[in-house]
Amino acid sequence: MTPQPPSSPISAVAEASQRRPWRALAWLLAMIGGVSGFVWWLWQPPFDSESGSGRLTQPFPLQSVADSSAKLDTALAALWQTEKVEPLPRADDLAIARRLSLALTGSIPSMEQIRAFESRPDSLRVAWWIDQLLSDKRSADYLAERFARAFVGTENGPFLVYRRLALTRWLSDQFEHDRPYDEVVRDLISAEGLWTTNPAANFITATIDNNNKKEGPDQIRLAIRTTRAFLGVRIDCVQCHDDKFGDRWKQQDFHQLAAYYAGAQMKFTGVRDNRNLPHEVRFRGDDTERTVLPAVPFSPELLPDGGRPRERLAAWVTSPENLPFARATVNRVWAILFGRPIVEPIDDIPLEPAEVPEILETLAKDFVAHDFDLQRLISVIALSRAYQLDSHSPDPDSPATASQEQHWAAFPLTRLRPEQIAGSVIQAASLDSIDGASPFILQFAKFAQTNEFVKRYGDLGETEFEDRGGTIPQRLLMMNGKLVQERIGQSPFINATTRIMTLAPDSAAAVDAAYLCVFTRRPTVTERDHFAAQLSEAKGRNRHRVIEDLFWTLMNSSEFAWNH
1 MTPQPPSSPI SAVAEASQRR PWRALAWLLA MIGGVSGFVW WLWQPPFDSE SGSGRLTQPF
61 PLQSVADSSA KLDTALAALW QTEKVEPLPR ADDLAIARRL SLALTGSIPS MEQIRAFESR
121 PDSLRVAWWI DQLLSDKRSA DYLAERFARA FVGTENGPFL VYRRLALTRW LSDQFEHDRP
181 YDEVVRDLIS AEGLWTTNPA ANFITATIDN NNKKEGPDQI RLAIRTTRAF LGVRIDCVQC
241 HDDKFGDRWK QQDFHQLAAY YAGAQMKFTG VRDNRNLPHE VRFRGDDTER TVLPAVPFSP
301 ELLPDGGRPR ERLAAWVTSP ENLPFARATV NRVWAILFGR PIVEPIDDIP LEPAEVPEIL
361 ETLAKDFVAH DFDLQRLISV IALSRAYQLD SHSPDPDSPA TASQEQHWAA FPLTRLRPEQ
421 IAGSVIQAAS LDSIDGASPF ILQFAKFAQT NEFVKRYGDL GETEFEDRGG TIPQRLLMMN
481 GKLVQERIGQ SPFINATTRI MTLAPDSAAA VDAAYLCVFT RRPTVTERDH FAAQLSEAKG
541 RNRHRVIEDL FWTLMNSSEF AWNH
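For the sequence shown, counting from 1, position 247 maps to 247 in my numbering; every step adds exactly one.
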């Protein structure tokens, strides 16, 4: 994971470099004022239920979203009846809030957000929370990174002609303004110009060989990305030979699709199309190369007649009648929210409607009917019954079964991703939300620490929905690594442990605050009594040490490391 750095520049640094005394004095006064304001901000009491509500807006429940969620619930009920599984009860509100925050921002909620969430009426909390998250720039940034993995992978690529960060920032801007997803994809496939001034062109330039830039964009890799990321179809296995396991795909099908990218060239003005460049292939058994003309592998009637080859391909891919596009998008959004897709592997969805799960088909048609609105799709899924089910049975003698998880009758347990762990550790150590309104120094520290942690923990890469299991080095990194130690220990920045020790009215309230910060739930009576007793016995610095140990214990638990 490569998070985007905070966009706010420290413009005063340039001023401080000037050697004029009055500028140096101005810089010193600004620093003193900034630090004073920062310290004041950190010391605001976190125990007011309305804390932070001033910068959060009101919910936006729409009847059409509720209607679409009801259709999904009907399809789910039919699935449960067919598979003879009983759904678990609904999860509590805070568990749902945690899931949504992890899925959309890559972090657990802050104490500030929890207080604001719980101050809302019970019936409006989840809808209000969805609206808050979708209005948060962090959600656009995080979703942009998740989608970029499917579009261009995780490598930085050829620096002279490719800027991954520019692409993710552009995607974030599209998602923040809720631009129709079909328009976004059309821009990616058909983009022309410089990768710096038209960031969508980075989808094309990402495929250029770093060691042989003269060859230009790789039409084979572009064809693979197009079918897998946008259509949820794997036909790249036939690029060297016909399908050995059926007669659907031929080698020519793949190369005819790749031919739409044959004209993409690198010019002084960026990516440009040359319609006269052919796509030449040497098929298996042939002695010479042959020219392959562009053609789509299915539904050719959806292909427009006019326009550049890549424009025609983009229009075909995103056509409202081309349901594989909508299915692939829904499958990916579902996977981001639940931790695993409806159809696995995520990019191998059947083309025949009869083979497509009903819940996927229902959502895909609804997505098309509402103009490919990603934010609306997220809301529909998040308000569904399946998303709000518990992950654990209330009866310890009758735990949730694999069949219940498989058929979405229980929320699936999935490991947190590396950047979700880092983001959650950082957020848990601060009672206030670390977002775009936070001091720049906090934003930059989060960016730097997350990058370092993910690098050491191990990035999941493009195959992000495959559970690889935990490792001993990962556990040791959590137990002994700098991130946890620095965030919970005494430091120049007043963190959650210090503020809880100072502001909590009693030991029980301190334990409650710690659990809310780390687990997004309150402790059980047994948990509260156990830790409150230890805290009450401690004095002075030992009291701070007990709170640090409590945070360390909670952060190194399995409950913290899993989405549930």
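All C-beta atoms in this analysis are idealised placements derived from N, C-alpha and C, irrespective of residue type, glycine included.
Assuming residue i and residue j make a contact with CB atoms under 8 Å, what is their CB distance in whole Å?
i: Gly458; j: Pro399; result: Between Pro399 and Gly458 the Cβ distance is about 30 Å, and since that is not below 8 Å, they are no contact.
i: Met568; j: Val356; result: Examination of residue 568 is not possible in this model, given that the chain is present from 1 through 564 alone.
i: Ala429; j: Arg487; result: 4 Å
i: Gly232; j: Ala328; result: 3 Å
i: Tyr162; j: Ile208; result: 7 Å
i: Gly384; j: Asp73; result: At residue 384 the sequence reads Ser, which differs from the Gly that was named. Confirmed, about 6 Å.
i: Arg275; j: Gln265; result: That belief does not hold up - the Cβ atoms of Arg275 and Gln265 are roughly 11 Å apart, past 8 Å.
i: Leu88; j: Ala410; result: 5 Å
i: Ser139; j: Leu104; result: 4 Å
i: Val333; j: Leu302; result: Their Cβ separation, rounded to whole angstroms, is 23 Å, which puts Val333 and Leu302 out of contact at 8 Å.
Using alpha carbons as the reference points, say which of the options lies closest to residue i.
i: Gly157; options: Ser172, Asp122, Leu337 and Ile204; result: Ile204
i: Leu535; options: Ala335, Asp273 and Ala508; result: Ala508
i: Trp195; options: Asp178, Pro180 and Leu160; result: Leu160
i: Thr520; options: Leu133, Glu112 and Gln63; result: Glu112
i: Ser391; options: Asp73, His255, Gln449 and Ala91; result: Ala91
i: Arg376; options: Ile130, Ala496, Ala561 and Gly481; result: Ile130
i: Ala127; options: Ala538, Ala422 and Val65; result: Val65
i: Pro297; options: Asn331, Val368 and Ile224; result: Ile224
i: Lys71; options: Phe367, Trp170 and Ala262; result: Phe367
i: Cys517; options: Arg120, Ile108, Ala77 and Asp93; result: Ile108
i: Asp67; options: Asn322, Thr362, Ala262 and Ala437; result: Thr362
i: Glu548; options: Val484, Ile441 and Ser135; result: Val484
i: Thr291; options: Ser299, Pro300, Ala262 and Thr318; result: Ala262
Are the beta-carbon atoms belonging to residue i and residue j less than 8 Å from one another?
i: Arg228; j: Arg234; result: yes
i: Arg528; j: Val511; result: yes
i: Arg164; j: Ala150; result: no
i: Ile404; j: Val85; result: Note on residue identity: the sequence assigns Gln, not Ile, to residue 404. Their beta carbons are under 8 Å apart, which means Gln404 touches Val85 by this criterion.
i: Gly307; j: Asn563; result: no
i: Phe531; j: Leu550; result: yes
i: Ala382; j: Trp408; result: no
i: Leu293; j: Ala259; result: yes
i: Pro320; j: Arg312; result: no
i: Gly461; j: Arg415; result: no
i: Gln251; j: Ala295; result: no
i: Phe117; j: Ala97; result: yes
i: Ala364; j: Val330; result: yes
i: Gln449; j: Gly106; result: no
i: Leu167; j: Val152; result: yes
i: Glu358; j: Ala75; result: yes
State the start and end residues of the unbroken alpha helix (DSSP H) segment that holds residue i.
i: Gly423; result: Pro418 to Ala428
i: Gln256; result: Gln251 to Ala258
i: Val518; result: Ser507 to Phe519
i: Thr497; result: Ala496 to Leu503
i: Arg332; result: Leu323 to Phe338
i: Thr105; result: Asp93 to Thr105
i: Val356; result: Run containing Val356: none; DSSP gives neither H nor E here.
i: His530; result: Val525 to Glu537
i: Tyr181; result: Tyr181 to Ser190
i: Leu476; result: Ile472 to Asn480
i: Ile547; result: Arg541 to Met555
Classify residue i: buried if its beta carbon has 16 or more other beta carbons within 10 angstroms, exposed otherwise.
i: Arg501; result: One detail in the question is off: residue 501 reads as Met in this sequence, not Arg. When all chains shown are included, Met501 counts as buried.
i: Glu145; result: buried
i: Gly270; result: buried
i: Ser190; result: buried
i: Phe372; result: buried
i: Gln63; result: exposed
i: Thr2; result: In this prediction, Thr2 scores a pLDDT of 42, lower than 50, which makes its location untrustworthy; no coordinate-derived value is stated.
i: Lys482; result: exposed
i: Met478; result: buried
i: Phe230; result: buried
i: Ser36; result: Its pLDDT being 42, under 50, Ser36 is placed unreliably by the model, and the measurement read from it follows with that caveat. The residue in question, Ser36, is exposed, as its Cβ has fewer than 16 Cβ neighbours within 10 Å.
i: Thr553; result: exposed
i: Gly540; result: exposed
i: Thr497; result: buried
i: Glu559; result: exposed
i: Phe465; result: buried
i: Lys267; result: exposed
i: Lys446; result: buried
i: Gly583; result: What is shown of the chain runs 1 to 564, which leaves residue 583 out entirely.
i: Asn210; result: exposed
i: Thr82; result: exposed
For the beta strand (DSSP E) containing residue i, name the first residue and the last one.
i: Arg272; result: Gly270 to Asp273
i: Gln265; result: Ala264 to Lys267
i: Val292; result: Arg290 to Val292
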